[in-house]
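For the sequence shown, the positions run 116 to 301 when our numbering is used.
Heads up: the structure comes next, in structure tokens.
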Amino acid sequence: MINPSYFQDDQAPVETVTWDQAKYYCSLVQGRLPTEAEWEYAARAGSKEARYGPIDAIAWYADNSGNTRINSEMLWKRDPSHYFPTLKANGNRTRPVGQKKPNAWGLYDMLGNIYEWVADWYDSDYYKDSPLKNPKGPLSGQSRVIRGGSWFDLARNLRLSHRYRNDPIYNVNYFHGFRCARDVSP
């Protein structure tokens, strides 16, 4: 399988993939996309905090994923139309995985670097009435859920509870990636 990533680097996460491509790859390695609930459970690793550590220690995001450190909040507030061109000029991009501090369960890059597709359809109201144990997400929808934040994100978006949606087919860009899950027998 050819790596479709915009940022070609053997140590960086694979990005620029649709939801279907992510699902297909996971099936090739005898895995699957995690549900949104599984993703958050794994990312939290028992923590109830917004993050599992100081943001610079655990995540690649807009402030620290370029050639020089920037203040992305100030940049965004000053002129959102210059946000992405400034990041591009600064060399912001995905970074090699495993360079930041892992969570308590040893999982790296659960926040930042790339958004991760999960199995669920997006519904902003789903968790108001969802099952308390192992929610599987809505049965249908227009958008799929992505979690974790990305190298271009503001710090405020890199929280374990932050959820976002995206078109699973047409909106492919270099901040969408994935992580596979595997069921294990007890």
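Beta carbons are placed, not taken as given, at the ideal position from N, Cα and C, and that holds for glycine.
Values in this document were obtained by computation on a predicted structure and should not be read as measured data.
Exercise for the section: Apply the 10 Å Cβ neighbour rule to T183 and answer buried if 16 or more other Cβ atoms are within range, or exposed otherwise. Expected result: When all chains shown are included, T183 counts as exposed.
Handout entry: I75, enclosing beta strand (DSSP E) - first and last residue
Key = What the structure shows of the chain is the stretch from 116 to 301, and residue 75 is not part of that stretch, so it cannot be assessed.
Exercise for the section: Name, in chain order, the residues that DSSP records as bridge partners for H277. Expected result: For H277, which the question treats as bridged, DSSP gives no partner whatsoever.
Exercise for the section: Note the first and the last residue of the continuous beta strand (DSSP E) segment covering A234. Expected result: Where A234 is concerned, the enclosing beta strand (DSSP E) stretches over 230-236.
Exercise for the section: Return the residue from the list E155, N186, E153, Q123 that minimises the CA-CA distance to L269. Expected result: Selected option, being the one with the closest Cα: N186.
Exercise for the section: Measure the alpha-carbon distance for N228 versus D244 and round it to whole angstroms. Expected result: 31 Å
Practice task
Taking W290 as part of the alpha helix (DSSP H), name the residues at either end of that continuous run.
Solution key: In the sequence as presented, Trp is not what sits at residue 290; that position holds Phe. No alpha helix (DSSP H) contains F290, which DSSP labels as neither H nor E.
Practice task
Going by CA-CA distance only, name the one from A165, K215, D194, G161 that's closest to I173.
Solution key: K215
Practice task
Tell me whether the beta-carbon of G181 lies closer than 9 Å to the beta-carbon of G206.
Solution key: Pairing G181 with G206 gives a Cβ-Cβ distance under 9 Å.
Handout entry: Cβ-Cβ separation, A234 to G252 (assumed contact under 8 Å), whole Å
Key = The C-beta separation of G252 from A234 comes to about 7 Å, placing the pair in contact by the 8 Å criterion.
Practice task
Identify every residue that forms a DSSP beta bridge with R147.
Solution key: A296
Practice task
Can you give me the Cβ contacts of W220 inside the same chain, cut-off strictly under 6 Å, excluding the 5 residues immediately before and after it?
Solution key: A160
Exercise for the section: Drop a sphere of 10 angstroms on the beta-carbon of Y230, count the other beta-carbons inside from all chains shown, and report buried for 16 or more, exposed for fewer. Expected result: buried
Exercise for the section: Run through the region 141-188 for me and flag every whole beta strand (DSSP E) of 3 or more residues, listed as ranges in chain order. Expected result: none
Exercise for the section: Give the secondary structure of T201 by DSSP, where H, G and I count as helix, E and B as strand, and everything else as coil. Expected result: helix
Handout entry: Selection from L247, L226, W191, P283 that minimises the alpha carbon distance to W236
Key = P283
Exercise for the section: Have a look at L254, W266, Y241 and flag the residue whose alpha-carbon is nearest the alpha-carbon of K203. Expected result: Comparing Cα-Cα distances from K203 to each of L254, W266, Y241, the minimum goes to W266.
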